[in-house]
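Residue numbers (the working numbering), protein chains in the order written: chain A, 1 to 309; chain B, 1001 to 1792. All residues carry an ideal CB built from backbone N, CA and C; glycine is no exception. A short write-up of the structure that comes next.
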């Protein structure tokens, strides 16, 4: 809807619009450390350290000489080793444990962050229907149905999936063949989707993965219906032998992760004004890093593959 | 008893006591001699006593003069030849006056009076009146002259973003403007995303704009009143006009159904581009029809039953519509539609010679709707689906207004108004069928809200001696919603004192309450902006405004000068929470907004107008400051309002080169818009799995400074226009040439940060880094336009 209106105005601007670089005086702003780490159960914890820099600068910002201490459930576990751009643990993270990092960098206050790694999600793929209805752009939408176990606690999730066409001539176990021919991220219907998804208010940002909470899920088991189509129409072919493949990843994520992804999506969208908003109001990105910026958050994920001719 | 309640009773008693006195009453209507159209705001002065009055919104006047044998009465109106007539003042008289427009070649009548009441003697402050004839002479974007764009050139009125018709009055937002068309409120007043307003100048007879010192008979909005009157229709003879411009084409006709008794006026305007885009797109996109258009339609019928009774029926229909459609196999349709419908039935009745009444029944509807539907066959099964989103407001209203012209020093106005609102804050109906059998049928979104608004007012226009004028009024309203009542007490005080024969000082206080809010993510007035009601959880908006100023006529009223200062506070404002959007969300809208916001606005406005002669126009300047404060925005600290402009100036000149050619120019200047500057940045975390991200070049997160603490470059532009008029056997034709932004100023629309591509050599090796800069996007560098219009 907004896309079409934008197209109309964009046409006007094409005729007459213009842009130019301008000089702006920026006030001095103190640089602060940035710690970024998104980790998952059964994988190593890796922390990338940087510094913030003035908006117009593009110099290197990496911090390599810090002391990074990792705590597990309040007990010091190890000092992370720097290698190839990040400080990495020697042991994998485990679900239901709380991890904390303390980062000492010269000339900065100690940076601290903490995260409780959530457990794996309970999910059952219920069904997949091709071409269920016509969307507002006249494209056919398909529907994926998941059953998610909803516990009494407030849980947060992320669904990530890719759509591919598998060439049947390729060896069946060769995962590369799934994606070597044609592959696409999904486009989610921004007007008609599951209330749980739509309620997040992120669909108009055209996300390729979905973060959502169980705020509006039914108690017990919730059936989640997701309406989507491939971004690329070239994914469809006339070859009846080809297999349509969905590679699904469902993550149970922490609240920190959920807040970060949600505000990040909105923040990146607001970085650029548009015909409608002009100067959009920016939204700060969530951070759980004390004395700095960035994110220290984790998830546990399950994956599945669906094939359909 | 509260002070405000005491004042209400006191004011009413003042009015009642002042009704009795000794004099004769001259009363009647003032008409245009050629069309029979009643003239609003015509000036009448009795020469001996200097008692004067002004015709009301229906052209009626009632003037008390001392009893005697005869007296000289002077009737004047801008653009018309004055009338000087000796009248019998021994008894009450009913006198109608027919005024002759200067456009018609008749013998010149002696001009001894000014054409309107001089500014220093008008019992008002913060009131702007631009004659429709002057608006028609101004430069026109795309050939379309626009009332709202003309008002944007006045001090105290900001235009918002470039090209928009939005009105930001004394720090208020566009929803805080009470826009009345023939006494009925309109909600959304834009076509084409704000590029054109919904008001077709061919259907308009009078425009009055109030930004402070609000009389008590107006209520329901915080920042301004735009009172627009449609033409009644020519009572004497058939006439018409039309125009073909680059934005739209229009045609208006009017004439008598029964001469001097019943008349009609019909006006229609339509954007025509879709008539081209539909067939072309069908050819270019394999049967896909794409079109966008807007239209509006004004109609009015008025019937004179007798000298004491008159009935008016007014209607307005306006819509913007965008449709994408494909017929045949796998058909679908996507449409987007928004607009107002409005109807008013008004009855004027005169009780004796002093009490004028107007009763209005009205209906107004604003609606924004989208429809997506389609059908297709898959695996021998037929699927049909439809999604319909609807948001809107439906108002049924009834009101009665009375004006009692008691004597030469006292007029009383009183009345009551009742509006029943139905708000649809947005809901989607979804249905799906497979082989004709329903598989899904549900409604998502917000439930309708019903509200009942009742108000009553009393206004006392009181003259004390020859130098002091006042308007002491009071308005009270009860707004009932979801089982809760909000009661408002709104004192309205206005006083003016003539310190010399051509200079006065004025001061006013107004308290206003507004029971609707507008939720918007944009700055241009989109149909997706959502009108929502005050509810049991969200309070009505309230403002208080103090204003004071000096008004002066120069050279016998040829020039008028005014300076006004104001201080306005606003409470219970709402705004979307950071990052919240309504479209697509299904939660109750009340969860998406910040509430209990405060606003403060103050400033000084200067206006120097030249009102007569071959060259007319004005110079306006505003110094102002306006901010907002919400608990959860900007760390709870006040921040500049998005359209806060420290300096705002405009120069408007129209000049008649000859009988057939007139030229016009407008120049505007404004301090740059407020925006929030990104000051620093850092990389997005690896593993954040961003849409379209390239792991080699991670996205960057910006760290912003304080909200709206920075300013873009200043805004200024010059518009030029010329009208070539030519008399024809059948009437008159006018060719208009306009140039928007004549010196191609690149005004900032928004700023953004961009980094150039990383340089690589011929072998693909990275050589250095991208360069980051701040860029400015502009909209319209220069736009010429032409239009052809005619009258017959």
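- Query: What residue from 300/A, 48/A, 207/A, 243/A has the CA that sits closest to residue 89/A's CA?
  - Reply: Numbered from its first residue, the first chain carries residue 89/A at position 89. That would be 48/A, whose Cα lies nearest to the Cα of residue 89/A.
- Can you tell me the Cα-Cα spacing of residue 1600/B and residue 1283/B, whole angstroms? Translated into the one-based positions of the second chain, residue 1600/B becomes position 600. Translated into the one-based positions of the second chain, residue 1283/B becomes position 283. C-alpha separation (whole angstroms): 55 Å.
- Item | Top-ranked residue by Cα proximity to residue 289/A, from 96/A, 40/A, 22/A, 51/A | The residue given as residue 289/A occupies position 289 in the first chain. Residue 289/A has its Cα closest to that of 51/A, out of 96/A, 40/A, 22/A, 51/A.
- Shorter than 9 Å from the beta carbon of residue 1202/B to some beta carbon of chain A? Locating residue 1202/B in the second chain gives position 202, where the first residue counts as 1. Chain A contact via Cβ: absent.
- Query: Does DSSP classify residue 267/A as helix, strand or coil?
  - Reply: Against the first chain, residue 267/A aligns to sequence position 267. In this structure, residue 267/A counts as helix in the three-state DSSP scheme.
- Which listed residue (1681/B, 1788/B, 1181/B) has its alpha carbon closest to that of residue 267/A: Within the first chain, the letter at position 267 stands for residue 267/A. The option with the nearest alpha carbon to residue 267/A is 1681/B.
- Query: Do the CB positions of residue 1316/B and residue 1181/B come within less than 9 Å of each other?
  - Reply: As a working mapping, residue 1316/B is identified with position 316 in the second chain. As a working mapping, residue 1181/B is identified with position 181 in the second chain. Closer than 9 Å, so yes.
- Message: If we define contact as Cβ-Cβ less than 9 Å, is residue 74/A a contact residue for chain B?
- Response: The sequence position of residue 74/A within the first chain is 74, counting from 1. Answer no: the Cβ-Cβ gap between residue 74/A and chain B never drops below 9 Å.
- At what residues does the beta strand (DSSP E) containing residue 1662/B begin and finish? By one-based count along the second chain, residue 1662/B stands at place 662. Unbroken beta strand (DSSP E) run through residue 1662/B: 1661-1670.
- the segment 52-74 of chain A: positions lying closer than 9 Å to chain B by Cβ: 52, 53, 54, 55, 56, 57, 58, 59, 61
- Query: Exposed or buried, which one is residue 1525/B when buried takes at least 16 other CB atoms within 10 Å?
  - Reply: Taking the second chain and counting its residues from 1, one reaches residue 1525/B at position 525. Low local confidence applies: a pLDDT of 49 at residue 1525/B is under 50, so the model's placement there is unreliable, with the coordinate-based value given in what follows. When all chains shown are included, residue 1525/B counts as buried.
- Task: Find out if the Cβ-Cβ distance for the pair residue 1042/B, residue 1030/B is shorter than 9 Å.
- Result: Numbered from its first residue, the second chain carries residue 1042/B at position 42. Numbered from its first residue, the second chain carries residue 1030/B at position 30. Yes.
- Decide if the segment 1147-1157 of chain B is in contact with the segment 1188-1204 of chain B; the criterion is three or more beta carbon pairs, one per stretch, under 8 Å apart. yes
- Could you check how far apart the C-beta atoms of residue 1515/B and residue 1457/B are, in whole angstroms? I think they sit under 8 Å. For the purposes of this step, residue 1515/B is identified with residue 515 of the second chain, where counting begins at 1. For the purposes of this step, residue 1457/B is identified with residue 457 of the second chain, where counting begins at 1. About 16 Å; that fails the 8 Å criterion.
- Leaving out five residues before and five after residue 1700/B in sequence, what residues of the same chain have Cβ atoms less than 8 Å from its Cβ? On the second chain, position 700 is the one that residue 1700/B refers to. Hits under 8 Å: 1681, 1682, 1683, 1684.
- Relative to the C-alpha of residue 1636/B, which residue among 1602/B, 1590/B, 1707/B, 1461/B is closest? Translated into the one-based positions of the second chain, residue 1636/B becomes position 636. Answer by Cα proximity: 1707/B.
- Message: Within the continuous beta strand (DSSP E) that includes residue 1053/B, where are the two ends?
- Response: To locate residue 1053/B, count along the second chain from 1; it is residue 53. Looking at the DSSP string, the run of the beta strand (DSSP E) that includes residue 1053/B is 1052-1054.
- Within the same chain, show all residues whose beta-carbon is closer than 6 Å to that of residue 1606/B, passing over the 5 residues directly before and after it, in chain order. Here residue 1606/B is taken as the residue at index 606 of the second chain, counted from 1. The residues are 1563, 1621.
- Message: With a threshold of 9 Å between beta carbons, is residue 1152/B in contact with chain A?
- Response: On the second chain, residue 1152/B is found 152 positions in, with the first residue counted as 1. So, not an interface residue.
- Query: Are the beta-carbon atoms of residue 1492/B and residue 1475/B separated by less than 9 Å?
  - Reply: Along the second chain, read from residue 1 onward, the residue named residue 1492/B stands at position 492. Along the second chain, read from residue 1 onward, the residue named residue 1475/B stands at position 475. Cβ atoms of residue 1492/B and residue 1475/B: closer than 9 Å.
- Query: Do residue 259/A and the ligand ZN come close, with the Cβ less than 8 Å from some heavy atom?
  - Reply: This structure lacks the ligand ZN, and indeed carries no ligand of any kind.
- Message: Tell me which residues of the segment 127-142 of chain A have at least one Cβ-Cβ distance to chain B shorter than 8 Å, keeping chain order.
- Response: 130, 131, 132, 133, 134, 135, 136, 137, 138, 140
- Given a cut-off of 9 Å, decide if residue 1459/B and residue 1412/B are closer than it, judged by their beta-carbon atoms. For the purposes of this step, residue 1412/B is taken as residue 412 along the second chain, with counting starting at 1. For the purposes of this step, residue 1459/B is taken as residue 459 along the second chain, with counting starting at 1. Yes, these two residues count as a Cβ contact at 9 Å.
- Which same chain residues, not among the five before or five after residue 1376/B, have their C-beta less than 7 Å away from its C-beta? The residue given as residue 1376/B occupies position 376 in the second chain. Taken in chain order, the residues that qualify are 1330, 1383.
- Compute the distance between the beta-carbons of residue 68/A and residue 103/A, then report whether it is under 9 Å. For the purposes of this step, residue 68/A is taken as the residue at position 68 of the first chain. For the purposes of this step, residue 103/A is taken as the residue at position 103 of the first chain. In this structure, residue 103/A lies closer than 9 Å to residue 68/A by Cβ.
- Query: Which word fits residue 106/A, buried or exposed, when buried means at least 16 other C-beta atoms lie within 10 angstroms of its C-beta?
  - Reply: Within the first chain, the letter at position 106 stands for residue 106/A. Residue 106/A comes out exposed.
- Query: Which whole-angstrom value describes the C-beta separation of residue 1494/B and residue 1123/B, a residue pair presumed to lie in contact below a C-beta threshold of 8 Å?
  - Reply: By 1-based counting over the second chain, the position of residue 1494/B is 494. By 1-based counting over the second chain, the position of residue 1123/B is 123. With a Cβ gap of about 7 Å, residue 1494/B and residue 1123/B count as contacting.
- Message: With H, G and I counted as helix, E and B as strand and the rest as coil, what does DSSP make of residue 194/A?
- Response: Within the first chain, residue 194/A is the residue found at index 194, counting from 1. Coil, per DSSP.
- Hey, is the segment 1439-1451 of chain B in contact with the segment 1076-1083 of chain B, meaning 3+ C-beta pairs nearer than 8 Å? no
- Comparing alpha-carbon positions, which option in 1065/B, 1774/B, 1772/B, 1751/B lies nearest residue 1406/B? Here residue 1406/B is taken as the residue at index 406 of the second chain, counted from 1. For residue 1406/B, the nearest C-alpha among the options comes from 1065/B.
- Interface flag, residue 1800/B vs chain A, CB-CB below 9 Å: Here chain B covers residues 1001 to 1792 and nothing more, so residue 1800/B does not appear.
- Please name the residue or residues paired with residue 1776/B in a DSSP beta bridge. As a working mapping, residue 1776/B is identified with position 776 in the second chain. Answer by DSSP bridge pairing, in chain order: 20/A, 1751/B.
- Item | residue 1250/B - DSSP class collapsed to helix/strand/coil | Here residue 1250/B corresponds to residue number 250 of the second chain, with the count starting at 1. Residue 1250/B: strand per DSSP, three-state reduction.
- In chain A, which residues lie less than 9 Å from residue 1578/B when you measure between Cβ atoms? Taking the second chain and counting its residues from 1, one reaches residue 1578/B at position 578. Near residue 1578/B (Cβ distances below 9 Å), the residues of chain A are 263, 266, 281, 282, 283, 284.
- Contacts that residue 1681/B makes with chain A (C-beta to C-beta distance below 7 Å): On the second chain, position 681 is the one that residue 1681/B refers to. Those within 7 Å of residue 1681/B in chain A are 52, 53, 55.
- Message: When you compare the CB of residue 192/A with every CB in chain B, is at least one pair closer than 9 Å?
- Response: Here residue 192/A corresponds to residue number 192 of the first chain, with the count starting at 1. With 9 Å as the cut-off, residue 192/A counts as an interface residue toward chain B.
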